[in-house]
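Engineer: The structure is given below, and queries will be raised subsequently.
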Amino acid sequence: MRLENKVAIVTGGGGSIGREIALELAREGAIVTVVDLDQAKAESTLKMIKTSGGRGKAFTVNVTSKQETIRMADLVNKEFKSIDILVNCAGTDIKGSIIDLPESTWDFLMSLNLKGVFLCTQAVVGAMVTKRSGRIINISSIAGKTGEPFTSPYCATKFGVIGFTQSVAMELGKDGITVNAVCPGPVESELIKASIEQSAKLNNKTYEQELYDKFLSSTPMGRMAKPGDIAKAVVFLASDDAAFITGSTINVSGGKEVH
Ligand SMILES: NC(=O)c1ccc[n+]([C@@H]2O[C@H](COP(=O)([O-])OP(=O)(O)OC[C@H]3O[C@@H](n4cnc5c(N)ncnc54)[C@H](O)[C@@H]3O)[C@@H](O)[C@H]2O)c1
317 MRLENKVAIV TGGGGSIGRE IALELAREGA IVTVVDLDQA KAESTLKMIK TSGGRGKAFT
377 VNVTSKQETI RMADLVNKEF KSIDILVNCA GTDIKGSIID LPESTWDFLM SLNLKGVFLC
437 TQAVVGAMVT KRSGRIINIS SIAGKTGEPF TSPYCATKFG VIGFTQSVAM ELGKDGITVN
497 AVCPGPVESE LIKASIEQSA KLNNKTYEQE LYDKFLSSTP MGRMAKPGDI AKAVVFLASD
557 DAAFITGSTI NVSGGKEVH
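Residue numbers (my numbering): 317 to 575.
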């Protein structure tokens, strides 16, 4: 096991990708705190961790609230005496044309996808600096590397996550903390289904046509990712094998994004 007794926090740990990340970290021996706005989803992931012999906790936290993220870090520190790994995975996508995109959609996505990453990082970083070690892994997207139509706020947040990752990596290298981002292509999940449904409608296409045109036709490996594909990359970045990797992004996209 590569992460024996490491203490991890996974935000959005009740979701499709976060759940698989939490399970994979636990399989590698980490004690995993599953954080989600949706208590039932967080509890359900924790139950799966425990059923497979792992250890952890579930906390209901809104990552857009400074107060709640500070509480999250305090609770984990108190319970497990350490925070070794933070995976910022909570996030979502809402499609819309720039012509009439509501300001509220922009603000919502900025707050969840970008400010949430900032707040959770800031909440845990003190504990990591004190210990002079830590791993922060931010889930960006291939939409954080190349823009997509009808996706301006989402792309802006995911580009932002990469800039944030690089900047914080530069600040924290001297403290023994690595900060990296994972950029998934489309992953089999409710989120991508909803996202393709929305862009198919905006492009006047069927779901299948939109999926093919937008993703599969330009993906050398010819399929969507499975949540486990993303989780394996996260475990690698959290492990000693990635000790000298920081400020980097890893695409997990079957070759859809190569830069
Ligand atoms: N699904 C994809 O194809 C795909 C591709 C690239 C990147 N991503 C990114 O991966 C991450 C996870 O995506 P997913 O497909 O698992 O989505 P998901 O909707 O299944 O999971 C997101 C989770 O975040 C939680 N959440 C929402 N708001 C929150 C808040 N304010 N505080 C705490 N938790 C909150 C939700 O309850 C949900 O459980 C997102 O950041 C997404 O942008 C997804």
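From the three backbone atoms N, C-alpha and C, an ideal C-beta is built for every residue, glycine too.
CA-CA distance, threonine 467 and tyrosine 523?
Structural biologist: If you number the sequence shown from 1, residue 467 lands on position 151. If you number the sequence shown from 1, residue 523 lands on position 207. Rounded to the nearest angstrom, the two C-alpha atoms are 17 Å apart.
Engineer: On the criterion of 16 or more Cβ atoms from any shown chain inside 10 Å, does glycine 463 qualify as buried, or is it exposed?
Structural biologist: Position 147 of the sequence shown holds residue 463. With fewer than 16 other Cβ atoms within 10 Å, it is exposed.
Engineer: Please classify cysteine 499: does DSSP put it in a helix, a strand, or coil?
Structural biologist: Residue 499 sits at position 183 when you count from the first residue of the sequence shown. Note: cysteine 499 maps to strand in three-state DSSP.
Engineer: I'd like to confirm the pairing. Which residues does DSSP put opposite isoleucine 455 in its beta bridges?
Structural biologist: Looking up residue 455 in the sequence shown gives position 139. Answer is Val498, bridged to isoleucine 455.
Engineer: Distance check for threonine 437 and glutamate 384, CA to CA, integer angstroms please.
Structural biologist: In the sequence shown, residue 384 corresponds to position 68, counting from 1. In the sequence shown, residue 437 corresponds to position 121, counting from 1. Distance between the alpha carbons of glutamate 384 and threonine 437 is about 13 Å.
Engineer: For my contact list, isoleucine 347 and arginine 371 are in at a C-beta cut-off of 8 Å; report their separation, rounded to the angstrom.
Structural biologist: Residue numbering aside, residue 347 sits at position 31 when the sequence shown is read from its first letter. Residue numbering aside, residue 371 sits at position 55 when the sequence shown is read from its first letter. Right, the Cβ-Cβ distance comes to about 5 Å (below 8 Å), so this counts as a contact.
Engineer: Would you say the beta carbon of valine 403 is closer than 6 Å to some non-hydrogen atom of ligand 1?
Structural biologist: Here residue 403 is taken as the residue at index 87 of the sequence shown, counted from 1. No; taking the cut-off as 6 Å, the Cβ of valine 403 has no heavy atom of ligand 1 nearer than that.
Engineer: Helix, strand or coil for glycine 460? Go by DSSP, reduced to three states.
Structural biologist: Here the question's residue 460 lines up with position 144 in the sequence shown. If DSSP states are grouped into helix, strand and coil, glycine 460 belongs with the helices.
Engineer: Could you check the C-alpha separation between alanine 541 and glutamate 506 for me, to the nearest Å?
Structural biologist: Mapped onto the sequence shown, residue 541 falls at position 225. Mapped onto the sequence shown, residue 506 falls at position 190. The alpha-carbon atoms of alanine 541 and glutamate 506 are separated by roughly 13 Å.
Engineer: Contact between the stretch 483-491 and the stretch 510-517: three or more CB pairs below 8 Å?
Structural biologist: The stretch 483-491, when compared against the stretch 510-517, does not touch it at the 8 Å Cβ threshold.
Engineer: Comparing C-alpha positions only, which one of Asp557, Ser515, Phe560 sits nearest to lysine 411?
Structural biologist: Taking the sequence shown and counting its residues from 1, one reaches residue 411 at position 95. The option with the nearest alpha carbon to lysine 411 is Ser515.
Engineer: Is threonine 481 closer than 7 Å to valine 498 when the C-beta atoms are compared?
Structural biologist: Stepping through the sequence shown from its first residue, residue 498 is reached at position 182. Stepping through the sequence shown from its first residue, residue 481 is reached at position 165. Contact flag unset, no.
Engineer: Can you find the residues in the same chain that come closer than 6 Å, C-beta to C-beta, to alanine 406, ignoring five residues on each side of it along the sequence?
Structural biologist: Sequence index remark: in the sequence shown, residue 406 carries index 90 (1-based). Here the set comprises Thr327, Gly328, Val379, Gly432.
Engineer: Could you check which residue in Ala459, Asn393, Arg448, Ser427 has the C-alpha nearest to that of alanine 439?
Structural biologist: Walking along the sequence shown from the start, residue 439 turns up at place 123. The candidate whose alpha carbon is nearest that of alanine 439 is Asn393.
Engineer: Comparing alpha-carbon positions, which option in Asp556, Asp557, Gly570 lies nearest glycine 538?
Structural biologist: To locate residue 538, count along the sequence shown from 1; it is residue 222. Looking at the Cα atoms, Gly570 is the closest of the given residues.
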